[in-house]
Amino acid sequence: MMRNPFKYFKTSPEIIRLTVMMYVRFPLSLRNVEDLLHERGIDITHETVRFWWNRFGPLFAKSIRKRRVENRFYSNWAWHLDEVFVRINGELHYLWRAVDHEGEVLEAYVTKRRDRKAALKFLRKAMKRYGRPEAIVTDKLPSYKAAMREIGNKDCQETGRWLNNRAENSHQPLRRREKVMSRFRSMRSLQKFAAFQSSIHNHFNLERHFYRREEFKENRSAALAEWRQLAA
DNA sequence: CGATCCTATCGGAAGACACT
DNA sequence: AGTGTCTTCCGATAGGATCG
């Protein structure tokens with residue numbers, strides 16, 4: 001039996017949800033969020049914002065993901081894989097991403113190296129959660145080929161930079177955040193952030209197809225209404 | 001009521017960046 | 001080089017929420 005996640009909290013779930021959404025969805029610093037809330041008469045410190053997103057981020061992400069997996073808002077027809085450099089305290093790390101062909105971010109994973117072992121771990125993690133895709137699109141990094149040989153689905157790999165824009169586009173929000181934060185401090189917080197941000201991106205990503213304004217507004221309201229139910 | 005949990009906060013640390 | 005201003009991170013703890 002799961003206990004009430006808001007137990008002992010002195011602030012209402014509504015405000016906590018709003019705060020967490022502001023911080024993760026938009027490129028704002030902890031203090032930016034503090035000041036924005038202050039403008040609305042809500043008095044908390046930036047440390048509280050940090051505390052809340054660390055506590056509730058994984059929780060919200062989990063329930064968004066669960067819902068999407070159950071309703072299959074993703075497609076495993078083709079996955080696009082990509083990795084991007086992220087500097088943590090001066091050291092290079094790699095953030096791997098799997099994106100489906102509609103732009104849904106499936107998995108985000110941080111590693112220290114960019115070798116076969118890392119690619120393998122990442123692929124296994126994604127497939128455990130979503131099953132096997134029919135096609136996998138990657139860039140030319142040899143680690144993918146090696147990893148896929150080991151898994152046994154080498155045949156469905158396609159390579160090509162232009163094919164892989166889908167995955168590369170999804171790194172943009174992270175880059176913006178990175179700039180605001182002046183780099184991430186620890187692997188743990190990057191992993192947490194990337195995973196959570198992917199979930200939120202999927203949840204609020206309303207322009208996967210071209211909507212008319214009315215449809216867009218309906219969809220946005222629906223997304224917000226669902227958000228307000230999280231962990232309720 | 002007192003005991004116990006644990007949120008929310010505080011002050012300081014350390015790093016990145018821009019500027020002089 | 002130093003200074004100022006921004007960022008997140010961390011250990012300690014006051015005091016509010018909850019339970020028996």
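One point on numbering: in full-length UniProt numbering, the residue at position 100 of the first sequence is 100, and numbering is uninterrupted. Even for Gly, the Cβ is constructed at its ideal location relative to N, Cα and C. This one's a predicted model, so the numbers in the text were calculated from it and none came from an experiment.
Under the three-state DSSP convention, the category residue i falls into
i       : result
His-93  : strand
Trp-52  : helix
Pro-227 : Here the sequence assigns Trp to residue 227, which means Pro is not the residue at that position. Trp-227 falls in the helix class under three-state DSSP.
Ile-42  : coil
Arg-120 : In the sequence as presented, Arg is not what sits at residue 120; that position holds Leu. Helix at Leu-120.
Ala-232 : coil
Arg-72  : coil
Lys-62  : helix
Ser-29  : coil
Arg-220 : helix
Tyr-8   : coil
Asp-115 : coil
Gly-57  : helix
Arg-166 : helix
Arg-17  : helix
Nearest residue (CA-CA) to residue i, options the options
i       : options                               : result
Arg-177 : Met-22, Arg-17 and Pro-13             : Met-22
Val-20  : Asp-155, His-171, Ala-61 and Val-84   : Ala-61
Trp-52  : Glu-39, Ile-16, Val-110 and Leu-36    : Ile-16
His-201 : Glu-14, Tyr-8, Pro-27 and Lys-7       : Pro-27
Cys-156 : Leu-174, Val-137 and Asn-164          : Val-137
Val-180 : Arg-31, Leu-230 and Leu-59            : Arg-31
His-101 : Ser-199, Val-110, Ala-225 and Asn-165 : Asn-165
Arg-97  : Tyr-211, Phe-184, Glu-226 and Phe-196 : Phe-196
Ala-108 : Leu-92, Pro-142 and Ala-167           : Ala-167
Ala-222 : Arg-212, Ala-231 and Leu-206          : Leu-206
Phe-193 : Gly-57, His-171 and Arg-212           : Gly-57
His-18  : Lys-7, Glu-34 and Tyr-8               : Looking at the sequence shown, residue 18 is not His but Leu. Residue Glu-34 is the option with its Cα nearest to Leu-18.
Phe-9   : Phe-184, Arg-55 and Phe-204           : Arg-55
Ser-29  : Ser-12, Glu-14 and Arg-50             : Arg-50
Per DSSP, the bridge partner or partners of residue i
i       : result
Glu-83  : Trp-96
Ala-108 : Arg-97
Thr-159 : Thr-138
Ala-78  : Ala-135
Ile-88  : Glu-91 and Phe-184
>> Assess contact between the segment 111-119 and the segment 146-161, defined as three or more Cβ pairs (one per stretch) separated by less than 8 Å. Is contact present?
In response: yes
>> At 3 residues or longer, what runs of the beta strand (DSSP E) sit wholly inside the segment 173-217?
In response: Qualifying beta strand (DSSP E) stretches: none in this window.
> Does the segment 74-85 touch the segment 123-136, meaning 3 or more C-beta pairs lie closer than 8 Å?
Replying inline: Enough Cβ pairs lie closer than 8 Å, so yes.
>> Would you call the segment 217-225 in contact with the segment 40-51, where contact means no fewer than 3 C-beta pairs closer than 8 Å?
In response: no
> At a cut of 8 Å, does the segment 81-91 reach the segment 56-73 through at least three beta carbon pairs?
Replying inline: Put simply, the segment 81-91 does not touch the segment 56-73. Fewer than three CB pairs are less than 8 Å apart.
> Would you call the segment 120-128 and the segment 175-191 in contact, with 3 or more CB pairs under 8 Å?
Replying inline: no
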